[in-house]
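If you count by my numbering, then the sequence shown holds residues 16 to 878, one letter each, in order.
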Amino acid sequence: MKFNVKFPLLCFVIAAMSLCAQSSDSLQKIMKERGLSERDVLAAVKTYTPSGVKDQYYAFSSGGQSGQVIVYGIPSMRILKYIGVFTPEPWQGYGYDEESKKILEGASIRGKQVTWGDSHHPNFSEKNGEYTGDFIFINDKANPRTAVIDLKTFETVQIVSNPVLKNTHGGPFVTPNTEYILDAAQLAAPFEDDYVPIEAYEDRFRGGVTLWKFDYSKGRIDEKNSFTLELPPYMQDLSDAGKGPSYGWAFTNSFNSEMYTGGLERGLPPFEAGMSRNDVDFLHVYNWQTLEKLSKDSKNYKVINGHKVITIDAAVNANALFLIPEPKSPHGVDVTPDGKLIIIGGKLDSHESVYDFAKIKKLIDAKEFVGKDSYGIPILDLQKSLHGQLELGLGPLHTTFDAVDGIAYTSLYVDSQIVKWNYRDMKVLDRVNVNYNIGHLDSIEGKSAKPLGKYAIALDKLSIDRFLPVGPLHPQNHQLIDITSPKMEVIYDMPIPLGEPHDMVSISAKKINPLKTLQMGTDSRSGNRHEGMTLAGQERVERNGNKVKVYMTAIRSHLNPEHVTVNKDDEVTIYITNLERAVDETHGFGISGLNIHASVEPGRTVSVKFKADKEGVFPYYCTEFCSALHLEMMGYLYVKDPNKKYPDYKAVAISKLSKGDLEKEYQKIIATNSATDSVIQSVVGFLQKNKYEKYPAVKQNVDDAFVQYGSIKDTKAKADAAYKKGDINQAILWEMQVWQYMVKTADVGLRAKAQLERELATPMSTASKRGEDAFHTGGCSGCHVVGQVSSGPDLTGVLLRHENGEQFVYDFIISPEKYYNNPYIDAMIKAFNLRMPNQNMKAGEVKDIIEYLKWVDENAGIY
Ligand code: RUQ
Ligand code: CUA
16 MKFNVKFPLL CFVIAAMSLC AQSSDSLQKI MKERGLSERD VLAAVKTYTP
66 SGVKDQYYAF SSGGQSGQVI VYGIPSMRIL KYIGVFTPEP WQGYGYDEES
116 KKILEGASIR GKQVTWGDSH HPNFSEKNGE YTGDFIFIND KANPRTAVID
166 LKTFETVQIV SNPVLKNTHG GPFVTPNTEY ILDAAQLAAP FEDDYVPIEA
216 YEDRFRGGVT LWKFDYSKGR IDEKNSFTLE LPPYMQDLSD AGKGPSYGWA
266 FTNSFNSEMY TGGLERGLPP FEAGMSRNDV DFLHVYNWQT LEKLSKDSKN
316 YKVINGHKVI TIDAAVNANA LFLIPEPKSP HGVDVTPDGK LIIIGGKLDS
366 HESVYDFAKI KKLIDAKEFV GKDSYGIPIL DLQKSLHGQL ELGLGPLHTT
416 FDAVDGIAYT SLYVDSQIVK WNYRDMKVLD RVNVNYNIGH LDSIEGKSAK
466 PLGKYAIALD KLSIDRFLPV GPLHPQNHQL IDITSPKMEV IYDMPIPLGE
516 PHDMVSISAK KINPLKTLQM GTDSRSGNRH EGMTLAGQER VERNGNKVKV
566 YMTAIRSHLN PEHVTVNKDD EVTIYITNLE RAVDETHGFG ISGLNIHASV
616 EPGRTVSVKF KADKEGVFPY YCTEFCSALH LEMMGYLYVK DPNKKYPDYK
666 AVAISKLSKG DLEKEYQKII ATNSATDSVI QSVVGFLQKN KYEKYPAVKQ
716 NVDDAFVQYG SIKDTKAKAD AAYKKGDINQ AILWEMQVWQ YMVKTADVGL
766 RAKAQLEREL ATPMSTASKR GEDAFHTGGC SGCHVVGQVS SGPDLTGVLL
816 RHENGEQFVY DFIISPEKYY NNPYIDAMIK AFNLRMPNQN MKAGEVKDII
866 EYLKWVDENA GIY
């Protein structure tokens, strides 16, 4: 039946793609060969994202035991990045450079560095309950820590560890304006660090919720102004902050109000038996705005491990803490987008319980309680707080919301399903099977005040038989579900080879605006200027006792300095600044055997530090494939023992050429350089004439080209000085370097030019159309591809490369052999290992070709 509905739609899709008979035949053929149904093809069309096209939404998923965050695009499900958070990540230099080591050290627990984490719940920063796309927060369940990721750089910039809670799970949940980040305890333990036996459970073991104060303008958690609310040892679980009418309040549930303490080893029934004995546990309802006020007056809190803990008594006296019974051992708590209702996932109960905040508030205001727990916390009546309860199926855990008011999606762990239901009139609308055993789920911006709907994502705990087997440890499974029609449909399975993809959040791509490059000398982990910032010409080695500081720069395609000598047992810090301004021109830095690595994005300064405790020669190199001469981007660190005597080696003469030969070589490179320079000047002329600065993307490339070009003056001066001194060999090498700078300038300059030409495209004249024909029929296209370098040079800009360009190109095509000795042409012949042959073209054809080339120049970039 479903097929009948889908089939006409597919025909429509195919028609809309205006496939000719033949290609729809081949579509049928491929479907048959691959065993695909119409439904499969439709799912493919919904997720397929052509090369070069970007996704509409970002997903940020936890990486579970990998301690990372996974970033991917929706609907393509293409993975974009793994962000190192609680675990070292070599690609980003995370944990291998000094700045990131400091972040990981901040994550130490009682002085011990912990380099793994169970990353759990990612959540966005919010304004008015809507996602802002500025920051992501994520907690580590294994070790009680919370991390801040700055989405300007997609880097972890802070990790704080909880000073009093020994294990947290219900975090980090964000208040509607990111005032606070909630982190609720799970396994109760004493706040202090000393030994306490289990017999003292009710007395000394405690649960709690830490309210981390977030300083939005600094983008950091303010540990000093953060505090914890003491709670009974009920094993708190997930939490959520109120919004709209429930703004200022927060909700945390629990699963051991029995306060059962287990003891299998003593012949007692296990934790699991005793913790689910009672029919109800407690939903904690507390007012963080009142708690914030209490945290300003020392009579309301104790200071434990340097951290304020607001006592249960103080919170109760200030009418800031209440309990409501909830069906036993629940799981998720999710506030509806309008902030009016609170949905509790039953877990062991097959119902969802929906609480009405207005009713709760009324009971609180009327001080209408059914009693107090043994810690003196007032208890509200369950029935009087409820909006309703609805049976969904087995193991309801988490809920996310649709753009349509009243519609929610809830995961069923035991049934392996997502249920779509209406929480206003309490009706089940649809269900879809997922594979298998779903935990969290998400819909686009689904946990914000303004969900967008569109897709749901199921985070499945098991993948069992879904993918090619890779041993007993299976990949994780994210499933994409189309929720735009009444019937939900799974349209994509994405395996992830990392830890449990515990939870995720998604956001419109329009809200994420990362930096493309950094301001020169930025320490990206702090956002400040780095003390080790090194500009071109400032490269140096400084020594202070046994402390050596190397100020290094990186730019295509060399590291400066290229040789560094230190003494054994020196403490060495190398600061590396990437001088590039061009987008994606990252350089990396690694040294053999020292366990250091840096990723240096354009403009960034990073430092690496090590003790040179072993004598020897240690090659270093750029670890990002950054340019054609990437392999040459290298150098050596020498560690010598100051107490040892080494033989005296004479430098081997580099060149065995005669003076006359050297002079000839020198003249040749001079000629090449001046010819190359006029190419650059013509490009520059074109860019300036066409006001490149009006186009920001073009301008960025032009600026970068000028940086390369700017290095030429000094280099040329060195070449001239060497030549004057009679050291022609040195002069040649420096002139070669001038040429390197020119090539890089031309490379970026031509890229800029092509971009600009795209902006200025014009239609083709009849003469240029004829020229294009002649270009192909006359054989030119055998070697030249317009818009790219192939067996011959790119002809884009060829008319501008030479003085009197049109005449030159005309003459050259008519009789190329006359120009074989022209220095520029000669360099080209050598570069391509090919001579331009005489194609015996007619004058008219050549003129048309020139018209075509003019059009190419005017419109380059559209190829
Ligand atoms: S909680 S699977 Cu660990 Cu996020 Cu519900
Ligand atoms: Cu820089 Cu490779």
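Every residue, glycine too, gets a C-beta built ideally from N, C-alpha and C.
Let's see if you can read the secondary structure: which residues bound the beta strand (DSSP E) around residue i?
i: Arg-555; result: 555-559
i: Thr-183; result: 183-189
i: Tyr-653; result: 649-655
Roughly how many whole angstroms lie between the Cα atoms of residue i and residue j?
i: Asn-705; j: Glu-774; result: 10 Å
i: Gly-282; j: His-489; result: 36 Å
i: Ile-879; j: Asp-155; result: No statement about residue 879 is possible, as the shown extent of the chain runs from 16 to 878 and does not include it.
i: Leu-3; j: Ile-570; result: Here the chain has residues from 16 to 878 only, and residue 3 is not among them.
i: Phe-286; j: Asp-364; result: 18 Å
i: His-433; j: Thr-414; result: Here the sequence assigns Ile to residue 433, which means His is not the residue at that position. Cα to Cα, the separation comes out at about 9 Å.
i: Gln-494; j: Ser-91; result: 12 Å
i: Tyr-636; j: Lys-660; result: 29 Å
i: Tyr-653; j: Val-623; result: 16 Å
i: Met-250; j: Tyr-301; result: 16 Å
i: Ile-498; j: Asp-294; result: 35 Å
Output the boundary residues of the alpha helix (DSSP H) element that contains residue i.
i: Asp-729; result: 727-739
i: Ser-123; result: Per DSSP, Ser-123 belongs to no alpha helix (DSSP H) and is neither H nor E.
i: Phe-701; result: 674-704
i: Leu-456; result: Note, Leu-456: premise wrong, no alpha helix (DSSP H); beta strand (DSSP E) at 453-459.
i: Gly-303; result: One point to set straight first is that residue 303 is Trp, not Gly, in the sequence displayed. Here the alpha helix (DSSP H) through Trp-303 covers 303-309.
i: Thr-415; result: Run containing Thr-415: none in the alpha helix (DSSP H); it sits in the beta strand (DSSP E), 411-416.
i: Ala-59; result: 53-62
Going by other Cβ atoms of all chains shown within 10 Å of its Cβ, with 16 needed for buried, is residue i buried or exposed?
i: Ala-720; result: buried
i: Asp-457; result: buried
i: Asp-663; result: exposed
i: Ser-642; result: buried
i: Ile-85; result: buried
i: Ser-898; result: With the chain covering only 16 through 878, there is no way to say anything about residue 898.
i: Ser-689; result: exposed
i: Ile-118; result: buried
i: Phe-640; result: exposed
i: Glu-48; result: exposed
i: Lys-17; result: In this prediction, Lys-17 scores a pLDDT of 39, lower than 50, which makes its location untrustworthy; no coordinate-derived value is stated.
i: Glu-120; result: exposed
i: Lys-465; result: exposed
i: Ser-52; result: exposed
i: Lys-382; result: exposed
i: Tyr-63; result: exposed
Shorter than 7 Å, the distance from the beta carbon of residue i to the closest heavy atom of the ligand RUQ, or not?
i: Glu-454; result: Sequence inspection shows Gly at residue 454; the Glu mentioned does not correspond to that position. Within the cutoff, so yes.
i: Asp-518; result: yes
i: Leu-253; result: yes
i: Gly-186; result: no
i: Leu-412; result: yes
i: Gly-347; result: yes
i: His-602; result: no
i: His-493; result: no
Is any non-hydrogen atom of the ligand CUA found closer than 7 Å to the C-beta of residue i, if you look at the structure I gave you?
i: Gly-261; result: Note that residue 261 is Ser in the sequence shown here, rather than Gly. Not so, every heavy atom of the ligand CUA lies at least 7 Å from the Cβ.
i: Ser-572; result: yes
i: Ala-569; result: yes
i: Met-649; result: no
i: Phe-640; result: yes
i: Cys-798; result: no
Taking only beta-carbon positions, decide if residue i is within less than 8 Å of chain C.
i: Asp-841; result: The structure shown contains no chain C; it holds only a single protein chain.
Just to confirm, does residue i get its C-beta within under 7 Å of one of the non-hydrogen atoms of the ligand SAM?
i: His-645; result: Here the bound small molecules are the ligand RUQ and the ligand CUA; the ligand SAM is not part of this structure.
Using 8 Å as the threshold, is the region 412-422 in touch with the region 387-403, meaning 3 or more CB pairs across them?
no
Under 8 Å, with one C-beta from each stretch per pair, do the region 604-616 and the region 726-735 reach the 3-pair mark?
no
The region 710-719 contacting the region 645-653, beta-carbon criterion three pairs below 8 Å
Judged by Cβ distances under 8 Å, the region 710-719 makes no contact with the region 645-653, as fewer than three pairs qualify.
If you pair each beta-carbon of the region 231-242 with each one of the region 201-217, do three or more pairs fall below 8 Å?
no
The region 533-548 contacting the region 472-483, beta-carbon criterion three pairs below 8 Å:
By the Cβ criterion, the region 533-548 is not in contact with the region 472-483, since fewer than three pairs of Cβ atoms, one from each stretch, lie closer than 8 Å.
Would you call the region 534-542 and the region 510-524 touching, i.e. three or more CB-CB distances under 8 Å?
No, because fewer than three Cβ pairs between the region 534-542 and the region 510-524 fall closer than 8 Å, the two stretches do not touch.
Three CB pairs or more closer than 8 Å across the region 830-848 and the region 778-793:
no
Taking three-plus beta-carbon pairs below 8 Å as touching, is the region 559-578 in contact with the region 595-606?
yes
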